[in-house]
Amino acid sequence: MGRARLIRYALFIALFVAGVVIGLLLWERIELPFQNPWGVKGRLTEIRYNPSNDVLRFAVLLFSPLILLFGCRLAAGRRLDDLLFPEGASRALAVDQPAAGLSPLQRSLLAVLLVASSVVVALNIPTFHSSGAFDSFHEGETLGPAVSYMAGETPYKDFIFLHGLYENPLRSVAAFRLFGRSIASVRTLESIMKTLMFVSLSWLLLVLFRSRPLQSFITLAVLSVLHLSGSLGLPGLMLIKTRDITVFLFLVAAVVLRDAGRAGQGRPGRLFLAGFAFSFIPPASFGYAVDRGVFLSAAYLILFPILYFLYFSRPGVRGRFLSSSFVGLVSAGVLLAVLLRGGFTEFVRYALLTMPRYRELMSGYVYPVFNKLFLAAVVLVAANAFWVATRYMREL
């Protein structure tokens, strides 16, 4: 490794560490006024703690390294800028290149092996809330609303639920129609969806690492161990839920779009499908689970202008991207309207306006950022955001 590269990495590490330290120093100094107009009772109301504190504190810690990075580039002289982002550096890093020395057939076989491995992992992992003894609370969250939905009632108008339209009533409705009306049918469908979720994860690894087998298999193994950590007698480090299939598919679409835009061309059909999925999944995710809909919609609002301005400069490609995105957004809206049986206003009023006002006050926690395990999780997320930012800054 050359001297310039060592200095570059040292500067990046110094900027990141300084940003994290700033975020931690400001953590407990950030405190919003406590409000509880509805008189909600919960852990946070007892200590008069505003749950939005954690969101704002996390945002400050996440963006502090990024602000330092962008500030350094804006204030840096030509020499420092060339050191951090050398013009001669390849825009495509190692993870963007296909595995060297492997034929297309070998790469295809390894891809099939990765997908098969993800299926084996999924089949040997207990399904969340669908294994062991019957859990009347969590499993009842889908069984009860399903009865109301099948009776012709309108979601969020005639009956309410917590997580989302598919996660609660429609999951059981679909299971009943596929396998018969029983608790076992719901568990069966959930296990199938869990397997599809792991397959979508392997697909994401394939497009991220360009069929490089070692990185893909290592990442799948690490995520599987983290997912199983609670069952292995370790602290529960990660829980990949079935609803995360929406996240993985959205990221697949984003990566495919980036590659198509970077190449400046490509098969029109593939670009249209990727643009459609990229814009369809975030709003449609509100119909799966509201929290995933919120997260993915926020990510969409950030990534859309980045993709549009950085990667789709050619008029023909840009027009195809915009048209596919428009079709995706409209299709998601139509799907939600149909599944909600016209109760779109009630959905917005309850799921997006009413429930956020009491849910965290009722069942939230204060995030223990200075606990080593919880601090590691925050630093890992911040490091990932920092790395992605450096990748995009190379494109500027």
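In terms of the working numbering, the sequence shown is residues 58 to 453.
For every residue, glycine included, the Cβ atom is placed at its ideal position computed from N, Cα and C.
No experiment lies behind these values; they were computed from the predicted model shown.
- Distances from the alpha-carbon of residue 270 to those of 119, 422, 378 and 164 put 164 closest.
- In this structure, 331 is the residue among 331, 195 and 425 with its C-alpha nearest to the C-alpha of residue 312.
- Residue 127 counts as exposed, since fewer than 16 other C-beta atoms from the protein chains shown sit within 10 angstroms of its C-beta.
- Under the 8 Å Cβ criterion, the segment 295-309 counts as touching the segment 254-270, having at least three qualifying pairs.
- Taking the Cα of residue 193 as reference, the smallest distance to any Cα among 356, 328, 240 and 183 is reached at 240.
- Between the alpha carbons of residue 400 and residue 406 lies a gap of roughly 10 Å.
- Under the criterion of beta carbons closer than 8 Å, residue 199 and residue 228 qualify as touching, at roughly 5 Å.
- One Cα belongs to residue 434, the other to residue 69, and the distance between them is close to 20 Å.
- Counting every other CB atom within 10 Å of its CB across the protein chains shown gives residue 345 a total of 16 or more, marking it as buried.
- Between residue 86 and residue 234, the alpha-carbon positions lie close to 53 Å from each other.
- Around the C-beta of residue 444, fewer than 16 other C-beta atoms lie within 10 Å, and the residue is accordingly described as exposed.
- For residue 108, the three-state secondary structure derived from DSSP is coil.
- For residue 416 and residue 96, the gap between their C-alpha atoms comes out near 12 Å.
- Taking 4 residues as the minimum length, the alpha helix (DSSP H) runs contained wholly in the segment 342-423 are 347-368, 372-396, 401-404 and 416-420, in order along the chain.
- Straight-line measurement puts the Cα of residue 81 at about 26 Å from the Cα of residue 351.
- Approximately 23 Å separates the beta-carbon atoms of residue 203 and residue 183; this is outside 8 Å, ruling out the contact.
- By a beta-carbon distance limit of 8 Å, residue 101 contacts residue 108. Their separation comes to about 6 Å.
- Residue environment analysis places residue 173 among the exposed positions, since fewer than 16 neighbouring C-beta atoms fall within 10 angstroms of its C-beta.
- By the beta-carbon neighbour count (other beta carbons within 10 angstroms, threshold 16), residue 359 is exposed.
- Residue pairing of residue 212 in beta bridges, as defined by DSSP: 216.
- Here DSSP, grouped into helix, strand and coil, assigns residue 228 to helix.
- In this chain, the alpha helix (DSSP H) harbouring residue 75 covers 60-84.
- For the pair of segments examined, the segment 288-295 was found not to touch the segment 205-222: the number of CB pairs separated by less than 8 Å stays below three.
- DSSP places residue 89 in no alpha helix (DSSP H); its state is neither H nor E.
- Following the DSSP letters along the chain, one finds residue 173 inside the alpha helix (DSSP H) bounded by residues 161-180.
- The beta-carbon separation of residue 298 and residue 427, rounded to 27 Å, does not stay under the 8 Å limit for a contact.
- The beta carbon of residue 213 sits closer than 8 Å to the beta carbons of 397, 400, 403, 404, 406, 407 and 408 from its chain, once the five residues preceding and following it are set aside; these are given in chain order.
- In this structure residue 262 does not touch residue 252 by the C-beta definition: roughly 16 Å separates them, more than the 8 Å allowed.
- Counting along the chain, residue 207 sits inside the alpha helix (DSSP H) bounded by residues 197-207.
- DSSP places residue 284 inside the alpha helix (DSSP H), whose first and last residues are 270-284.
- Scanning its chain for C-beta atoms nearer than 6 Å, with the 5 sequence neighbours on each side dropped, one finds around residue 388 the residues 337, in chain order.
- For residue 256, the uninterrupted alpha helix (DSSP H) run begins and ends at 240-266, by DSSP.
- Residue 100: member of the alpha helix (DSSP H) spanning 100-103, first to last residue.
- The Cβ atoms of residue 83 and residue 117 sit closer than 8 Å to each other.
- Residue 329 is a Cβ neighbour of residue 377, given a cutoff of 8 Å.
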